[in-house]
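The next block holds one structure in the form of C-alpha cells; read it before the comments.
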Amino acid sequence: MIPSDSRIIAHLDLDTFFVSVERLRDAKLKNKPIIIGGLSDRGVVASCSYETRYFGVHAGMPIKMARQLCNEAIIMRGDMEAYSNYSNLVTQVIADRAPVYEKASIDEHYLDVSGMDKFFGTWKWTNELRDTIKKETGLPISFGLSVNKTVSKIATGQAKPNGAKQVCQEEVKHFLAPLSIRKIPGVGQKNYQLLRNMGIPTIEVLTTIPVQMMQKVLGKDGIHIWEKAHGIDRAPVIPYTEQKSISTEQTFTTDTTDVAMLNSLLVSMTEGLAFELRKQGKLAGCITVKLRYANFDTHTQQLTIPYNASDHILIGKAKELFQKLYNRRLLIRLLGVRLSNLVQGYQQIDLFEDTAQMATLYQAMDKIRHRYGEAAVKRAVGLFPDTSPKAQDTGLF
Numbered sequence: 000m001i002p003s004d005s006r007i008i009a010h011l012d013l014d015t016f017f018v019s020v021e022r023l024r025d026a027k028l029k030n031k032p033i034i035i036g037g038l039s040d041r042g043v044v045a046s047c048s049y050e051t052r053y054f055g056v057h058a059g060m061p062i063k064m065a066r067q068l069c070n071e072a073i074i075m076r077g078d079m080e081a082y083s084n085y086s087n088l089v090t091q092v093i094a095d096r097a098p099v100y101e102k103a104s105i106d107e108h109y110l111d112v113s114g115m116d117k118f119f120g121t122w123k124w125t126n127e128l129r130d131t132i133k134k135e136t137g138l139p140i141s142f143g144l145s146v147n148k149t150v151s152k153i154a155t156g157q158a159k160p161n162g163a164k165q166v167c168q169e170e171v172k173h174f175l176a177p178l179s180i181r182k183i184p185g186v187g188q189k190n191y192q193l194l195r196n197m198g199i200p201t202i203e204v205l206t207t208i209p210v211q212m213m214q215k216v217l218g219k220d221g222i223h224i225w226e227k228a229h230g231i232d233r234a235p236v237i238p239y240t241e242q243k244s245i246s247t248e249q250t251f252t253t254d255t256t257d258v259a260m261l262n263s264l265l266v267s268m269t270e271g272l273a274f275e276l277r278k279q280g281k282l283a284g285c286i287t288v289k290l291r292y293a294n295f296d297t298h299t300q301q302l303t304i305p306y307n308a309s310d311h312i313l314i315g316k317a318k319e320l321f322q323k324l325y326n327r328r329l330l331i332r333l334l335g336v337r338l339s340n341l342v343q344g345y346q347q348i349d350l351f352e353d354t355a356q357m358a359t360l361y362q363a364m365d366k367i368r369h370r371y372g373e374a375a376v377k378r379a380v381g382l383f384p385d386t387s388p389k390a391q392d393t394g395l396f
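Rendered as C-alpha cells:
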C-alpha cells in the first residue's frame with residue numbers, strides 16, 4: 000500500500016470520450032472505426048476510436064489524411080452540447096462522493112484521496128467510484144492512483160482502455176523508467192523531437208541528464224520535465240468550482256442608446272475574453288451578458304453553452320443574450336460579459352464544422368497577439384469610432 004503519510008492522487012480519464020458518447024447514442028457504432036471532426040477534407044480530427052488509431056489516425060490530423068489512412072472510418076460531426084452534458088454528469092457523480100476533486104478538462108478529473116486509506120482503502124474506493132460512473136453514465140473510464148498528479152496521469156495512460164492501475168511510492172522509479180519520454184505530461188511534439196535528437200528515448204535515460212543541462216536546453220520547461228521524469232510533482236489538486244470565471248465590463252462616462260456602438264463593444268469584449276481563454280488553455284461552459292441602465296437598474300442574462308473558446312461561437316451567443324436584455328431602449332450606463340464554468344481544454348475540439356484553415360487562422364492571430372499585444376488583431380466589427388461615448392474598463396463584473 001502507499002504509505003499513509005504520502006499524498007494519494009487519483010486521475011480519472013474518460014476513454015475516447017467523444018466516440019464513447021456517440022456509441023451510447025447509437026449502439027451500431029460499437030467496434031467500428033470512428034472519427035469525430037469536420038466532415039470536409041479540409042476539416043480536422045477532434046477525436047477518434049482505438050480502431051482508427053491502429054492505422055495512425057490521431058487528434059489534430061487533417062480529415063483528408065485520416066481518411067487516406069483509414070478509408071473505412073465513419074466520419075461524424077461532433078456534438079459539443081451532448082459531450083458537455085455527459086461531462087457534467089460524470090462531474091456530478093464525482094462531486095457527490097469525492098472529498099476534493101479538480102475538473103482538469105472536459106473528460107478528466109484529479110481527486111485528492113489522501114487520508115482515506117485508513118477508513119476505506121483508496122484503491123477499493125476509487126474502483127467503486129469508477130464502477131458507479133460507468134453504471135450511471137454508461138461511459139468507459141480509466142484511472143491511475145499514485146503519489147502525485149504526474150504519476151497518476153501516466154498510470155491512467157498505461158491502464159487504458161477501460162482499466163485501472165496503482166503505482167505505489169516505492170514503485171514509481173521502476174514504473175517510469177522504461178516508458179517513452181512522450182508519456183511525460185507537458186512534453187509536446189517540439190520538445191519530444193529535441194530530446195530524441197539528443198539521444199533521449201526513455202524516461203530512464205532522461206533521469207541521467209543533469210538538471211542544469213535540461214534547463215540550458217529547454218529553460219524552465221526543462222526543469223519541470225526533469226522533475227516529472229523523477230516522479231516529482233508538487234502541484235496540488237485544485238478544488239473545482241462552477242464559479243470560476245473571467246469577465247470584463249465597461250462603464251460609460253456618458254450614458255448611451257447607441258446600439259451599433261454597444262454591439263461593437265460587445266464583440267470586442269467577447270473577442271478579448273476568448274483570447275484570454277485560449278491563452279490559459281481553457282474552455283467556457285457558460286456565458287453571461289450584463290446591462291446597467293442609467294437609473295442603475297442592473298440586469299443579466301446567461302446561457303449554458305457547449306464548452307468552447309472560439310471567438311465566432313462566443314460572439315454569436317453574446318449577441319443573442321444582448322438582444323434579449325436590451326428591450327427597454329433606455330440609456331445604458333454599463334455593459335459587461337462574463338465567461339464561466341471553465342475547464343482546461345483547447346478550442347479545436349469545437350471546430351467540427353470548421354476547416355483546418357480556421358484552426359490555423361486562430362493560431363496565427365493568437366501568435367500575433369502574444370507578440371504584439373491583444374489589440375494587434377481585432378475584428379473590424381469590434382472597432383468603434385472615437386466619437387462614441389468613452390468607455391472605462393473596470394475589470395469587474
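The letter at position 187 of the sequence shown is residue 186 when you use numbering that gives the first Met the number 0, and the numbering goes up by one with no holes.
For glycine and all other residues, C-beta sits at the position ideal for the given N, C-alpha and C.
Predicted model, so just to flag it, every value in this text is computed and none were measured.
Quick one: using the 10 Å Cβ neighbour count with 16 as the cut-off for buried, is residue i buried or exposed?
{"i": "D14", "result": "buried"}
{"i": "H108", "result": "buried"}
{"i": "L264", "result": "buried"}
{"i": "D25", "result": "exposed"}
{"i": "Q249", "result": "buried"}
{"i": "S309", "result": "buried"}
{"i": "E101", "result": "buried"}
{"i": "M260", "result": "buried"}
{"i": "T207", "result": "exposed"}
In whole angstroms, what separates the C-alpha of residue i from that of residue j?
{"i": "K323", "j": "F274", "result": "25 Å"}
{"i": "K289", "j": "R195", "result": "51 Å"}
{"i": "K148", "j": "I237", "result": "11 Å"}
{"i": "F54", "j": "C69", "result": "6 Å"}
{"i": "L338", "j": "I304", "result": "10 Å"}
{"i": "G221", "j": "L193", "result": "11 Å"}
{"i": "L205", "j": "Y82", "result": "37 Å"}
{"i": "S451", "j": "Q165", "result": "This structure cannot speak to residue 451, because the chain is shown only from 0 to 396."}
{"i": "S343", "j": "V258", "result": "According to the sequence as given, residue 343 is Gln; it is not Ser. Looking at the two C-alpha atoms, the distance is approximately 34 Å."}
{"i": "A228", "j": "H311", "result": "40 Å"}
{"i": "M79", "j": "Y85", "result": "10 Å"}
{"i": "L28", "j": "K219", "result": "44 Å"}
{"i": "N307", "j": "A317", "result": "13 Å"}
{"i": "T253", "j": "K243", "result": "32 Å"}
{"i": "P443", "j": "T51", "result": "The structure shown does not extend to residue 443, since the chain is modelled only from 0 through 396, so no value can be given for it."}
{"i": "L11", "j": "G284", "result": "20 Å"}
{"i": "T297", "j": "N87", "result": "30 Å"}
{"i": "A94", "j": "L23", "result": "23 Å"}
{"i": "H223", "j": "I331", "result": "49 Å"}
{"i": "L276", "j": "V266", "result": "15 Å"}
{"i": "T121", "j": "P177", "result": "26 Å"}
{"i": "T256", "j": "R41", "result": "43 Å"}
{"i": "K182", "j": "I153", "result": "6 Å"}
{"i": "N294", "j": "G315", "result": "28 Å"}
{"i": "V89", "j": "F119", "result": "22 Å"}
In terms of residues, what are the limits of the beta strand (DSSP E) holding residue i?
{"i": "I74", "result": "73-75"}
{"i": "T253", "result": "244-255"}
{"i": "R96", "result": "First-last for R96: undefined, no H or E at that position."}
{"i": "V336", "result": "331-339"}
{"i": "I62", "result": "That residue, I62, is in no beta strand (DSSP E); its alpha helix (DSSP H) goes 62-68."}
Can you pull the DSSP bridge partners for residue i?
{"i": "L302", "result": "I286"}
{"i": "K164", "result": "G143"}
{"i": "Y109", "result": "H10, E101"}
{"i": "K152", "result": "DSSP output for K152 lists no bridge partner at all."}
{"i": "V44", "result": "G36"}
{"i": "T342", "result": "Note that residue 342 is Val in the sequence shown here, rather than Thr. L282, per the DSSP bridge assignment."}
{"i": "Y292", "result": "I331"}
{"i": "S179", "result": "T201"}
{"i": "N307", "result": "A283"}
{"i": "T297", "result": "R291"}
Apart from the five residues just before and just after residue i, which ones in its own chain have a Cβ nearer than 7 Å to its Cβ?
{"i": "S48", "result": "T15, V18, P32, I33"}
{"i": "S113", "result": "R6, I7"}
{"i": "L38", "result": "I74, R76"}
{"i": "S104", "result": "V342, Q343, G344"}
Counting only the same chain and skipping the five closest in sequence on each side, list residues whose C-beta sits under 8 Å from that of residue i.
{"i": "G162", "result": "S141"}
{"i": "L320", "result": "I286, T287, V288, Q300, Q301, L302"}
{"i": "K133", "result": "P139, I140"}
{"i": "K124", "result": "Checking the sequence, you will find Trp at residue 124 rather than Lys. Cβ within range, chain order: V112, M115."}
{"i": "R327", "result": "Y292"}
{"i": "T131", "result": "V92, R96"}
Among the residues of its own chain, which have a CB less than 6 Å from the CB of residue i, if the five just before and after it don't count?
{"i": "V56", "result": "C47, A65, L68, C69"}
{"i": "R129", "result": "I140, F142"}
{"i": "L138", "result": "L13, S19"}
{"i": "M268", "result": "T247, V336"}
{"i": "A97", "result": "L110"}
Provide the residue span of the alpha helix (DSSP H) that contains residue i, from first to last.
{"i": "V204", "result": "202-205"}
{"i": "S19", "result": "16-24"}
{"i": "H57", "result": "From DSSP, H57 is part of no alpha helix (DSSP H); its letter is neither H nor E."}
{"i": "R195", "result": "188-196"}
{"i": "M212", "result": "210-217"}
{"i": "I132", "result": "121-136"}
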